[in-house]
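Protein chains in written order, with the numbering used here: chain U, 128 to 406; chain X, 4 to 672. Backbone N, C-alpha and C fix where the C-beta goes; we use that ideal spot for every residue, glycine too. Computed from a prediction, not measured in an experiment: that's the story for all the values here. Step one of this worksheet: look at the structure below.
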Amino acid sequence: MRQSTNPIDPSRKSLNSTVFWRLAEDIPKPLQTGLMVASIAVPLLLWWLITTFGTIDPTFLPSPGNVLTAFGRLWSTGELLQDTVASLWRVGVGFAVAVFCSIPVGVLMGSFSSIRALLEPLFGLIRYMPAPAFIPLLILYLGIGEEPKVTLIFIGVFFFNSLMVMDTVKFVPKDLIEATYTLGGNRLQTLLQVIFPHVLPGIIDASRINLAAAWQLVIVSELIAATEGLGRRISVAGRFLRTDEIFVGLIVIGVIGLAFDLSFQYLLRLSCSWASQKR
Amino acid sequence: MSFFVEIDHIDRTFPLKDGGSYIALKNIDLNVKKGEFVSLIGHSGCGKSTLLNILAGLDKPTQGGIVLDGRQVTEPGPDRMMVFQNYSLLPWKTVRENVSLAVEKVLKTLPKDERDRIVEHHIDLVGLRNAADKKPRELSGGMKQRVAIARALAIRPKLLLLDEPFGALDALTRGNLQQQLMQICEENHLTCVMVTHDVDEALLLSDRIVMLTNGPESHVGQILDVAIPRPRQRLEVVNHPSYYSLRNEIIYFLNQQKRDKKRKQKQIGAIARNGLEKVNLDIGFVPLTDCAPLVVAKEKGFFAKHGLEQVNLSREPSWKAVADGIRTQRLDAAQMLAGMPLAMTLGYADNPRLPVITALVTARNGNAITLKKEFLDRGVRSLSDLKSVLKDDPVTLATVHPTSMHNLMLRYWLASAGIDPDHDLKLTIVPPPQMVANLSAGNIDGYCVGEPWNSRAIREGLGYAIATDLDIWAAHPEKVLGVREDWTNQHPETHNALVKALLEACEYCDDRRNREEILSLMARPQYMGASADYARPGFIDAYDRGTGEAPESLLRFNQFHVDNANCPGRAEGLWILTQLARWEITAFPRNWIEVLERVRRVDVYGRAARELGLPDNEGNRHPFQLFDGKVFNPDDPIGYLNSLEIGRDLRIEEIIIDPVSESHLAIAV
């Protein structure tokens, strides 16, 4: 049996078939997992190779082994745990207060043009002032205790989060609101039973993004004046040229941040499964 | 008869950013019976969804109101449930929860198990038992819309509103859902108003189809009754004998509207916002009693008040001269016979088509039919007497112009008694000022004309009035202000000022305290001169028919303003079109809606009236009748024409009126 001898190669005319360069499409699961592992493993391997076979001063670039040792040392003295708890506490309080305040403000701004007109210009202005630039003022007003650090996180999160929540509320379909009215719902019911549930996924997502900002701000605040905290740890280590400890601090900060992010994504899936198709 | 839903003269105006306003809906008047299914159809942007939102209470009319089952609609409420095109389901709730949320909210007073029963019943009703616990995103578009319908029906609304409910669905699903909806509606005797683009959908589901014209100032263009018996089957309705004619009717309407839209987009003439384009106007008139508004506007300063400083009233010897004056642009505007703008636009006799429009009726009534005295002596007192005379003698009657109401109404009057005005007697044309002389010379045996030419013959003992037009059609439109369409496009502000000045003059004329003064103005030589002396009967005094009976007080013998007299209504324009066609003066335009929209400019009238603080609405488009009781339904002019026994061969043509030539516009700009 002879195969057809079509002179025109069909693949010439259409796009070349590809797995890796698929536009806006999923790739096979094993490939995805492999690439994700490589994304962490390759830099780690490079680091290990350079420090093992190169002649680099460990005070300039410590090897993974050095860092691991330093981690063990800091962990055993309890300093690392103490620092981590201190940083987490600051982020926890500052972020929680900011989110707690920004959600109602954002929902109101998105729902009512009047509130939006009242607050948006102010928020838009403050948003462009970098939160760390407030540090001198905060020290001046609130001293060097915990208050200025928590307040800094609040400032850094509250305005961004309010505006992002507002944006999600703006996208609630008008028909849905009108349908609620025709069903006899009043404004309060519409706000609580239609608008709020509809924007909940958006709120969680906005908060997730702003948590990253909060986590960065806590480190910044600790670099300047603190007696404990991960930022403080890095700052002190730098002063004594303990590069390995700086690495420990950075890695712990990164891992904790990633853990936060993943847990928020999990929360989103858990609470708003109806919206998962969109995201 | 009281209706279930009354949409009472609704206007909806939206403010524009530049400080002006956009009139989306104008004078929508519509009644819906209980259990009726009404569709609103029209091009996008015609305001049908706005109307539906007003019905739902989501939007408020600027004027007018909605009464549902005896209560005014002011806010959204569960007695009117809306089904939206994009379903509007709460995505985080299951089908059952979506339906029950509505039921829990609206039917609070019912016991819990009763409410649950209702929810389950309606889930079964739309056949979603298997999907009851799924969330909207797991459903197809058709299923989602079924949930929305179930939710709407579950709260037992008095009125179901559907906003293009099946617009987002594929053809197959749409068909099935239409069938289901129809069944549900029939079984539950629901009253529904649906907005749709789909002609077949409208025909399948509706009892009546309301066709809306394009915005701005969208209004009801035509209403079709769909007399296909129920229950209907989707695949079988097409076999009904009237299905395709109804369908063609709708498509034709939509095409007319499309053409109209294109024309309006192209037509942007001179735009003059500040002041007027022209303040020196030549306005033609024929010396008759009902030229009073022109004389008053000139002499009492209404023209000047509206900035028209140099208006020259040009006295014309005949109506033909008036038509020629407009045609050759010797005249800017003229007081015309009511049928003249329509006939000139359609082209009558050998005249080419020339778009002429009217935005103002300046006078109603004021005519009579005069016969020579000899007939009175022979006992001719009624139409039937006249008919018997015709058997013996040849009779010649005169009117003033083929397109005049005298001609159309005299013919209608004769024909109603079985007299064919073309075969049983002779009809001729004589200009009004020459009527009496011709009667006296024995050239004609009678005529139909406006005053003072009837009273003059009566006063001189030459004739008697066998009928006034109040006996034939009281408050018929008689004289209108006519201008060329290109003239109004080039002089929109001037035209507006002119309409306003004459509107105020008309109001002045209908105050009887002013009548003596007006008569003395009209007696000036440049207007009616000495003949004004004969204008007293009807205008001021009681009307003497010259039959020996006591003069009769006819307060509306000349009607200039009262009872919304000045609005150039489309329905009466349509009657004129039918009569012009009946006597073969013009063809009947298949696209009559387009012709009427174009010639009878209710929008221009409305603007002028609004600016003067007067009511700006057209009268209701109900069927009306003349003296013989034959009903004229403005939705079925061809049926009316076919039902009239005497008439010439009916010519129905699609009449494409050439837009005013571009080069002409360019010169003027």
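Beta-carbon gap between residue i and residue j smaller than 9 Å
i: Ile97 (chain U); j: Leu350 (chain U); result: No information on residue 97 (chain U) is available, as it lies outside the stretch 128 to 406 that chain U covers here.
i: Asp388 (chain U); j: Leu338 (chain U); result: yes
i: Val169 (chain U); j: Leu158 (chain U); result: no
i: Gly67 (chain X); j: Ile13 (chain X); result: yes
i: Val289 (chain X); j: Gln338 (chain X); result: yes
i: Glu302 (chain X); j: Val282 (chain X); result: no
i: Met343 (chain X); j: His243 (chain X); result: no
i: Ile480 (chain X); j: Ile372 (chain X); result: The question names Ile, yet the displayed sequence has Pro at residue 480 (chain X). Cβ distance not < 9 Å, so Pro480 (chain X) and Ile372 (chain X) don't count as in contact.
i: Thr581 (chain X); j: Phe635 (chain X); result: yes
i: His564 (chain X); j: Leu506 (chain X); result: yes
i: Glu305 (chain U); j: Met85 (chain X); result: yes
Residue from the options with nearest C-alpha to residue i
i: Arg99 (chain X); options: X:Tyr90, X:Phe87, X:His124; result: X:His124
i: Val486 (chain X); options: X:Val392, X:Gly532, X:Ile329; result: X:Ile329
i: Asn499 (chain X); options: X:Leu279, X:Ile31, X:Cys188, X:Trp586; result: X:Leu279
i: Ile286 (chain X); options: X:Gly310, X:Leu28, X:Val325; result: X:Val325
i: Ser52 (chain X); options: X:Leu207, X:Asp474, X:Ser221; result: X:Ser221
i: Asp353 (chain X); options: X:Ala590, X:Gly170, X:Asp395; result: X:Ala590
i: Glu488 (chain X); options: X:Arg573, X:Ala336, X:Asn636; result: X:Ala336
i: Gln225 (chain X); options: X:Met408, X:Val607, X:Ala574, X:Ile659; result: X:Ala574
i: Phe87 (chain X); options: X:Thr431, X:Gly60, X:Met197, X:Lys394; result: X:Met197
i: Leu3 (chain X); options: X:Pro397, X:Ser391, X:Ile432; result: Within the shown structure, residues of chain X are numbered from 4 to 672, placing residue 3 (chain X) beyond reach of any answer.
Test: residue i CB closer than 9 Å to a CB of chain U
i: Arg83 (chain X); result: yes
i: Ile69 (chain X); result: no
i: Leu93 (chain X); result: yes
i: Gly272 (chain X); result: Legend: pLDDT at Gly272 (chain X) = 48, less than 50; position of this residue unreliable, no value from coordinates given.
i: Ala275 (chain X); result: Interpretation of Ala275 (chain X) is limited by its pLDDT of 48, a score under 50 that renders its predicted location unreliable; no figure is taken from the coordinates.
i: Leu104 (chain X); result: yes
i: Pro168 (chain X); result: no
i: Val289 (chain X); result: no
i: Gly572 (chain X); result: no
i: Gly50 (chain X); result: no
i: Pro87 (chain X); result: It is worth fixing the name first, because residue 87 (chain X) is Phe in this sequence and not Pro. It does: the Cβ of Phe87 (chain X) has a partner Cβ on chain U nearer than 9 Å.
i: Ile158 (chain X); result: yes
i: Gly22 (chain X); result: no
i: Pro64 (chain X); result: no
i: Pro18 (chain X); result: no
Cβ-based burial, residue i [other Cβ within 10 Å; buried from 16]
i: Met163 (chain U); result: exposed
i: Ile274 (chain X); result: Below a pLDDT of 50, predicted positions are generally treated as unreliable, and Ile274 (chain X), at 47, falls in that range; no measurement from the model is reported.
i: Asp371 (chain U); result: buried
i: Ser203 (chain U); result: exposed
i: Gln332 (chain X); result: exposed
i: Ala440 (chain X); result: exposed
i: Arg276 (chain X); result: Below a pLDDT of 50, predicted positions are generally treated as unreliable, and Arg276 (chain X), at 46, falls in that range; no measurement from the model is reported.
i: Glu665 (chain X); result: Model confidence at Glu665 (chain X) stands at a pLDDT of 43, short of 50, so the residue's coordinates are unreliable; what they give is reported in the following sentence. Glu665 (chain X) comes out exposed.
i: Ser289 (chain U); result: buried
i: Pro358 (chain X); result: buried
i: Cys399 (chain U); result: buried
Contacts of residue i in chain X (Cβ-Cβ under 8 Å)
i: Asp332 (chain U); result: The contacting residues do not exist; Asp332 (chain U) stays about 15 Å from chain X at best.
Residue-level contact to chain X via CB, residue i, 9 Å cutoff
i: Leu395 (chain U); result: no
i: Val321 (chain U); result: yes
i: Thr309 (chain U); result: yes
i: Ala244 (chain U); result: no
i: Trp401 (chain U); result: yes
i: Pro324 (chain U); result: yes
i: Ser240 (chain U); result: no
i: Pro185 (chain U); result: no
i: Pro300 (chain U); result: yes
Under 8 Å from the C-beta of residue i: neighbouring residues of chain U
i: Lys29 (chain X); result: Neighbours of Lys29 (chain X) on chain U: none; closest Cβ ~24 Å, over 8 Å.
i: Ala59 (chain X); result: Glu305, Thr309
Cross-chain neighbours of residue i in chain X, by beta carbon under 7 Å
i: Gly312 (chain U); result: Lys108
Chain-ordered neighbours of residue i on chain U, where CB pairs are closer than 7 Å
i: Ile126 (chain X); result: Those within 7 Å of Ile126 (chain X) in chain U number zero; the least Cβ separation is about 17 Å.
i: Gly144 (chain X); result: Those do not exist, as Gly144 (chain X) stays about 15 Å from chain U at its closest Cβ, beyond 7 Å.
i: Gly609 (chain X); result: Under the 7 Å cutoff, chain U gives no residues; its nearest Cβ is about 30 Å from Gly609 (chain X).
Beta-carbon neighbours of residue i, restricted to chain X and to distances below 9 Å
i: Asp153 (chain U); result: Neighbours of Asp153 (chain U) on chain X: none; closest Cβ ~19 Å, over 9 Å.
Partners in chain U for residue i, counting only beta-carbon separations shorter than 9 Å
i: Pro637 (chain X); result: Ordered by position in chain U, no residue passes the 9 Å Cβ test against Pro637 (chain X), which lies about 34 Å from the chain.
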